[in-house]
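Taken in order, these protein sequences are the chains called A and B. Each residue of the first sequence is one higher than the one before, counting from 67 in my numbering. Each residue of the second sequence is one higher than the one before, counting from 67 in my numbering. Inspection log for the structure reproduced underneath, given as structure tokens.
2 protein chains.
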Amino acid sequence: MELNLMPMPAKIPAKDGKFRLSESFTISVKGQGAPRLYTGATRALRRLSGRTGLFFSQDFITAKSQDPSAVMTIECQRPGKVVLHENESYRLSISTDKIALTAETDIGVLRGLETFLQLLSSDENGYYFPALEIDDAPRFPWRGLLIDAGRHFMPVEVMKRNLDGMAAVKLNVLHWHLTEDQGFRVECKTFPKLHEMGSDGFYYTHEQIKEVIDYAAERGIRVIPEFDMPGHSTSWFVGYPELASAPGPNSIIRTWGVMDPVMNPARKGTYQFLDAFLKEMAALFPDEYLHIGGDENNGKHWSANAEIQTFIKKNKIADNQALQAYFNNKILKILTKYGKKMVGWDEILHKNMPTSIVIQSWRGQEGLAKSAKAGYQSILSNGYYIDLIQPTDFHYLNDPIPENSPLTAAEQKLILGGEATMWSEYVDAENVDSRIWPRTAAIAERLWSPGSIENVDDMYRRLEVISFRLEELGLTHEKNYAMKLRRLINNVDIEPLKNLIDVIEPVKIYTRGEQREYTSYSPLTRVVDAARPDAKIARDFRKLVDAYLATKKQGAAEEINSWLQLWRDNHAKLVAIIRLSPVLQEIETLSADLSALAQIGLEATALIGDGKTANEAWTKEKLQAVEKAKAPRGQTELMIVSAIEKLVKAAGNI
Amino acid sequence: MELNLMPMPAKIPAKDGKFRLSESFTISVKGQGAPRLYTGATRALRRLSGRTGLFFSQDFITAKSQDPSAVMTIECQRPGKVVLHENESYRLSISTDKIALTAETDIGVLRGLETFLQLLSSDENGYYFPALEIDDAPRFPWRGLLIDAGRHFMPVEVMKRNLDGMAAVKLNVLHWHLTEDQGFRVECKTFPKLHEMGSDGFYYTHEQIKEVIDYAAERGIRVIPEFDMPGHSTSWFVGYPELASAPGPNSIIRTWGVMDPVMNPARKGTYQFLDAFLKEMAALFPDEYLHIGGDENNGKHWSANAEIQTFIKKNKIADNQALQAYFNNKILKILTKYGKKMVGWDEILHKNMPTSIVIQSWRGQEGLAKSAKAGYQSILSNGYYIDLIQPTDFHYLNDPIPENSPLTAAEQKLILGGEATMWSEYVDAENVDSRIWPRTAAIAERLWSPGSIENVDDMYRRLEVISFRLEELGLTHEKNYAMKLRRLINNVDIEPLKNLIDVIEPVKIYTRGEQREYTSYSPLTRVVDAARPDAKIARDFRKLVDAYLATKKQGAAEEINSWLQLWRDNHAKLVAIIRLSPVLQEIETLSADLSALAQIGLEATALIGDGKTANEAWTKEKLQAVEKAKAPRGQTELMIVSAIEKLVKAAGNI
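Written as structure tokens, this is what we have:
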């Protein structure tokens, strides 16, 4: 039985039979839960109705609506707390005539309901659930997604629909990056010039923040705010220049990168300000943890500031790193006073800091291990940087505690989990979902499921189903693709453009910003923004070519050739359209190269099929063409080049 | 020059030449405007950048950012007020080297910016604007869209994106239907049981109401709330049964239709309650007008209540209608006290009501004329009921003051305009945009442009472009179509299903509710919900057949046949998919009928093409098949039946 579950549960003993879904289906909820237990069950019922078109008679599930004859029963012992280490386990039992979902907490119930929905199946006789038993609990307690609302503002509805997506794949921490050089995104009643002068008008009110936190809590998701300090803080200084280490005036930064402005750690006023600020924010955000950033302070403005240098000497502070630890210790005291625990990036790790802080590792597995060995609780983000446009399997196989981990069992316990990070240099409300999903579902599986579940092919098979299902939550990763193509092509037939963009990807890692200067208001509507990470059609084609070269099966050759013919003939159609869509001119030669590569591929498969070996001149010439096609255009790259290269080499027998 | 403008401006003298758009394009804003002048100009610049991929250097346009060398200048004399009868006129002058937009008010500037954006064009040399002069002003001052958030709640983002759509087509009134038998959707601090017990938790907080009002005002759009009374008010009675005319308890209504519950007009407490309620709402909603509904009170609970009947006799009130006028007069006094003018539906028109009220006509043109003749200001909604799934041209040709209007010039002045009404029995956040757009753009043109602009073909041509452009505002009318198909078909290739749904429409007027009992939580994810009003491919096909039968041109026959072949062969592909998507079973015979009709059409065009006449038996048999295909299935109907019928009749020469 192939189940389309993600994350895959710890245990799934299958049984025989099917539970048939009909319009008389009802759910009864017993036990002690917060309101989320009932609203969560009601939402699940609605989603089931939406997928099947069935008119269930049950309206809103409430504490009062217990139906002793209900075919599905939900039971939990207590309301869960939306805190680290809460029990999220559940047990789902499906037999041919009834379904039982049990959990210690209502949060466990929510997790189980998502599994239940993923199990919906259909055949000629209608919709059903396969009979089985699932016993499930997460491997790591901290499974997060960072959304950077600092560089590009993310409206409330973006946060909400992504919280729904997170809940669907059992993530439980929203890390909300709220302040950056490019924007201060939260209303501050104590220091209103922070949001008034630092945000261009794009910030969340207190009510909106509460709305998002409530929405998250309804789904059993913690919300951890990040206020990045002492660096990444230019937007603070627009209204409050006295906080900075260099003289102002400052204005909101419009470009990307590591900036020099940094808070002044030698000034008492800085701490008085941050005390009042954090007091307000500690009250606004209920989670036990608060993230202070701490990353990428280049120290230039500290070194250039005579007063700060004097301060360092006077207080026998070793260097800028130690000065930052001094600053962090002061902040830690403030946070402790307001009942919060501190989280920060790698850089806050310093011998002068106590082990009560949590380290988020963006630099690498080694940093993570070092941090755990030093006794700090840690979470992994290196390898989960979804803004860098790397393929899903790269993230999927990145384990916070790999099999060869040098950590002892006790040290391993300090690894709390991980977080995917959606940094927002190149995403806005329109395309952010397409960078988060579906790849983040695979990361969610890595953090929830046993480490032994690591079959990449099976992950990709399930990912496709999960990705499609996420659409019912309002996520736009699928539907905005065609929308962006329509705009690019001025609403003529998108097919030729889609054929091209289906097999290209944005350039990876940090190349995009190196190739072209972007600002925070540059358009994110070009081909590179429509193109998606881990392009499925290109990935499937590469796999197909590998399989063909391994087996030389005729069927595979035919499938390859039908793709190649499509691509070979595509450029002629697209080039006419490009004439009327100037925004597409930047990929005209890329489109030509796709056609040329396809022609080369056809010649290669013909040679291979005939059992012939290409002559040296042909092979050399074609490999040169392949090499040329590797160049990015419009900040995108063709993802079938390596497969064509393999075909040419096979044809040339080299 | 074919311009893709909608609404079409009053005057457009074209000039020679093109203004070429480049990355050095900048806008300078002069004059006195509210902040909306600058944010509006900045949004226009971003949209221009989004469509063209151009990296403009200008970031945020502010009062300080006046660039004397800017190629586009915007100038207005004063901040507009977001009130009835505000000046919305503008003048747009485009020459080859500069663009000037001038208006008396900043609201006029916003209207002009939308025209400016609609003028963006492209050719081989890049993007440009055609040189021209536009002098434009609206025909009617009240151009509205009603959104019913009572029957199905519409989240804030639905309201916002539709406000953007409204602004794009120069609508200026959002009529927000906030209370219904099925839900009380606004937080009430005075009587919190209204929203707490009457909404299932789906209501707007005061902050969210303000957020929407501010968003609308930024776009020069008024927001008029409707609190329907004395009928359509069951949700009020759940928390406050003493307001009702019949004994409780009441619960939120889950079905559709006209309900009996009605406020008790004979009780002093009712008016004390409404006074306090309207005081709070009058402060929350800044517009001068407030809508009290007043429609569809069937009077049953009044007739059945002995106390109310005694009250009628004692106060010499003629009948239930007069009793409602008594009630309305009491409400009018309350509204006047709080500085508001009253708007209501046809039913509030009564000889006992003063002419200071505004009548919204849902019953018909006659009611509208009668109302104007009686001296009342009026707005037309009959003929703009977009929930009834009628074709665009039906709405488009529905003029508030038709050429043959019986009204005098003075009476005509009382016709303020009209409103499209998006009643929400069968729409939710996912499909509401597809019922509003693009048809509402044509209604917007009817209310803005001169009455002489009424070419239906040209309207449809422009509508297609405008509809596509609305997507950039986040509207989902296009993109949710494919999404809904993917869900229906369980994410296999949507093409065969799309071929069918492209030529069907939901059943019209009130048929849907007559065919099947719906509740407020019934799924809106079936074929009927994916199908769209005024199906374009079917409409184009019908037109093609008409043209062919008129001219018998070979080219038309070929085009017809290529559609018919597609449809003929479609069922075989779709039927295999239906096996695995039980939700599609309800349209299986409809799909079979489409194939059968296509086969009939092919036979008919062959006969016609050969100049032959079909024999009587053939004609009779085919017309029977055509008749059978007219039956709705899955609450949808095939929209190419009439065209096939014409072909058969032409072939049979009858």
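Glycine included, C-beta positions come from ideal geometry on N, C-alpha and C. In this text the structure is predicted, and so the values were computed from the model without any measurement.
Look up residue i in the DSSP assignment and say whether it is helix, strand or coil.
i	result
Leu713/A	helix
Phe219/B	coil
Ile279/A	helix
Lys407/A	strand
Arg109/A	helix
Thr542/B	coil
Met325/B	coil
Ile165/B	strand
Ser586/B	coil
Pro420/A	coil
Asp568/A	coil
Leu673/B	helix
Tyr104/A	helix
Ser94/A	strand
Met72/B	coil
Glu520/A	coil
Run through the DSSP bridge pairs and tell me what residue i is partnered with.
i	result
Phe85/B	Phe195/B
Glu190/B	BP columns for Glu190/B are empty, so no partner.
Phe250/B	Thr245/B
Arg209/B	Gly484/B
Leu158/B	Leu167/B, Ile200/B
Thr702/A	Pro572/A, Arg699/A
Lys77/A	Asp201/A
What span of residues does the alpha helix (DSSP H) with residue i cover, start to end?
i	result
Ile319/B	Where Ile319/B is concerned, there is no enclosing alpha helix (DSSP H), given that its DSSP letter is neither H nor E.
Met347/A	334-350
Ser444/B	Element bounds for Ser444/B: not the alpha helix (DSSP H) but the beta strand (DSSP E), 443-446.
Gln431/A	431-439
Tyr614/A	602-617
Ile509/B	505-514
Thr577/A	577-581
Take residue i and list the residues in its own chain whose beta-carbon comes closer than 6 Å to its own, dropping the five residues that flank it on each side.
i	result
Glu277/B	none
Pro204/B	Glu154, Trp514
Thr128/A	Tyr104
Lys51/B	Residue 51/B lies beyond the stretch modelled for chain B, which goes from 67 to 720, so this question has no answer here.
Glu491/A	Arg217, Trp322
Ile423/B	Met408
Val522/A	Asp459
Say whether chain C places a C-beta atom closer than 7 Å to the C-beta of residue i.
i	result
Glu413/A	Absence of chain C from the displayed structure is noted, the protein chains being A and B.
Return the chain-ordered list of same chain residues with a C-beta closer than 8 Å to the C-beta of residue i, the five sequence neighbours on each side being excluded.
i	result
Arg553/A	Thr591
Could you give the first and the last residue of the continuous beta strand (DSSP E) run that contains residue i?
i	result
Val289/B	288-292
Leu356/A	355-357
Excluding the 5 residues flanking residue i on each side, which residues of the same chain have their C-beta closer than 7 Å to its C-beta?
i	result
Ala596/B	Tyr547, Lys550, Leu551, Leu554, Ile567
Trp629/A	Phe607
Met705/A	Val569, Ile570, Glu571, Ala601, Ala604
Thr585/A	Arg320, Thr321
With a cut-off of 8 Å, do at least 3 Cβ pairs link the segment 475-486 of chain B to the segment 505-514 of chain B?
The count of Cβ pairs closer than 8 Å, one atom from the segment 475-486 of chain B and one from the segment 505-514 of chain B, reaches three, so the stretches are in contact.
State whether the segment 167-179 of chain B contacts the segment 137-156 of chain B, with contact taken as three or more CB pairs (one from each stretch) at a distance under 8 Å.
Of all C-beta pairs linking the segment 167-179 of chain B to the segment 137-156 of chain B, three or more are shorter than 8 Å, placing the two stretches in contact.
Closer than 8 Å is the cut-off here; do at least three beta carbon pairs connect the segment 559-567 of chain A with the segment 607-617 of chain A?
Contact annotation: the segment 559-567 of chain A does not touch the segment 607-617 of chain A, with fewer than three C-beta pairs closer than 8 Å.
Taking 8 Å as the threshold, find out whether the segment 316-323 of chain A comes into contact with the segment 242-258 of chain A through three or more Cβ pairs.
The segment 316-323 of chain A, when compared against the segment 242-258 of chain A, does touch it at the 8 Å Cβ threshold.
Counting beta carbon pairs with one atom in the segment 135-145 of chain B and one in the segment 90-97 of chain B, are three or more of them shorter than 8 Å?
The segment 90-97 of chain B is in contact with the segment 135-145 of chain B.
contact_flag[the segment 80-94 of chain B, the segment 532-540 of chain B] where n(CB pairs < 8 Å) is 3 or more
In the pairwise beta carbon analysis, the segment 80-94 of chain B is classified as not touching the segment 532-540 of chain B: fewer than three pairs are separated by under 8 Å.
Decide if the segment 707-717 of chain B is in contact with the segment 666-679 of chain B; the criterion is three or more beta carbon pairs, one per stretch, under 8 Å apart.
Short answer: they touch.
Just checking, does the segment 441-448 of chain B make contact with the segment 108-117 of chain B on the three C-beta pairs under 8 Å criterion?
The segment 441-448 of chain B, when compared against the segment 108-117 of chain B, does not touch it at the 8 Å Cβ threshold.
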